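The numbering of the sequence shown is the working numbering, which starts it at 16 and goes up by one. Beta carbons are placed, not taken as given, at the ideal position from N, Cα and C, and that holds for glycine. Note that the structure is predicted; figures quoted are calculated from it, not measured.
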Amino acid sequence: MRVSFDRICVPTDFSPAADHAVHFAAGLAHCHDASLHLLHVIEHAGPLVHHPDFTGDGEVARAYFNRLERAVANVEEKLKAEGDDKWHDVPDLIKSLESGAVEKIESVGDQWWAGLEVHRDIRYGHAVKEINHYVEKLEIDLLVLGTHGHSRLASVLLGSVTERVVRTCACPVTVVRHPEHEYKIVD
16 MRVSFDRICV PTDFSPAADH AVHFAAGLAH CHDASLHLLH VIEHAGPLVH
66 HPDFTGDGEV ARAYFNRLER AVANVEEKLK AEGDDKWHDV PDLIKSLESG
116 AVEKIESVGD QWWAGLEVHR DIRYGHAVKE INHYVEKLEI DLLVLGTHGH
166 SRLASVLLGS VTERVVRTCA CPVTVVRHPE HEYKIVD
C-alpha cells in the first residue's frame with residue numbers, strides 16, 4: 016500500500032511548536048509533491064460570541080467584522096463632521112487583528128518553500144471548528160499540528176486545540192513534537 020498526499024494543511028498560531036510543525040509539513044509536502052496550506056485562525060472576541068447572528072462559521076465572523084468596521088467608519092465620519100476626532104483609531108484597531116496575522120502568515124517561509132505550492136488563509140472563529148471546516152471544505156489529505164500552542168497554562172485551562180482536533184478531524188492528523196532537531200531535505 017502506498018500513501019500519497021495531495022493537500023497538506025498546517026494550522027499555525029506562530030508559536031515555536033507551530034513553526035516546527037510548519038517546517039515538518041513543508042518537508043512532507045516536498046516528499047509527496049503536495050500543496051501546503053497554512054491556516055491561521057483568529058479566535059473570536061467576546062462581543063462576537065454573544066452576537067445573536069454568530070454561528071461559529073469563520074465567514075460569518077468575517078462579515079460581522081466588516082459590518083462593524085463600516086458602522087465605525089460611519090460614526091467616524093459623523094464625528095469628523097462635528098469636529099470630534101477622538102474615534103480616529105477605532106477602524107485601525109479593528110483592522111489590526113487581521114493585518115498582523117496577514118503579515119505573519121505571509122512572512123512564513125524559508126529554504127523549505129522552494130518549489131512548493133503554498134496557500135495561506137486566515138479564518139475567524141473557534142479554532143477547532145474552523146480547522147475542521149477548512150479540512151472538509153478543501154478536502155485536505157493530511158493535517159500537521161504542533162504539540163503546544165501559545166502556552167501550556169492556557170492548554171491546561173482551556174483544553175488543547177491539538178487534542179480536540181485529533182479527536183474530531185475528518186482526515187489523518189500528524190502531531191509533531193518540538194524537539195531540538197533540524198530536518199533535512201534529502202533528494
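Where residue i falls: helix, strand or coil (DSSP)
i: G130; result: coil
i: T189; result: strand
i: L153; result: coil
i: R17; result: coil
i: D34; result: helix
i: P67; result: Because the pLDDT of P67 is 46, which lies under 50, any placement of that residue in the model is unreliable, and the number read from its coordinates should be weighed accordingly. If DSSP states are grouped into helix, strand and coil, P67 belongs with coil.
i: S175; result: coil
Exposed unless 16 or more other CB atoms sit within 10 angstroms - verdict on residue i
i: P31; result: exposed
i: T183; result: exposed
i: C46; result: exposed
i: R17; result: exposed
i: H134; result: exposed
i: E145; result: buried
i: A40; result: buried
i: R192; result: exposed
i: G140; result: buried
i: A129; result: exposed
i: P187; result: exposed
i: A36; result: buried
i: A185; result: exposed
DSSP bridge partner residues for residue i (one or two, in chain order)
i: L43; result: DSSP output for L43 lists no bridge partner at all.
i: R135; result: L53
i: G161; result: V191
i: I23; result: L51 and L157
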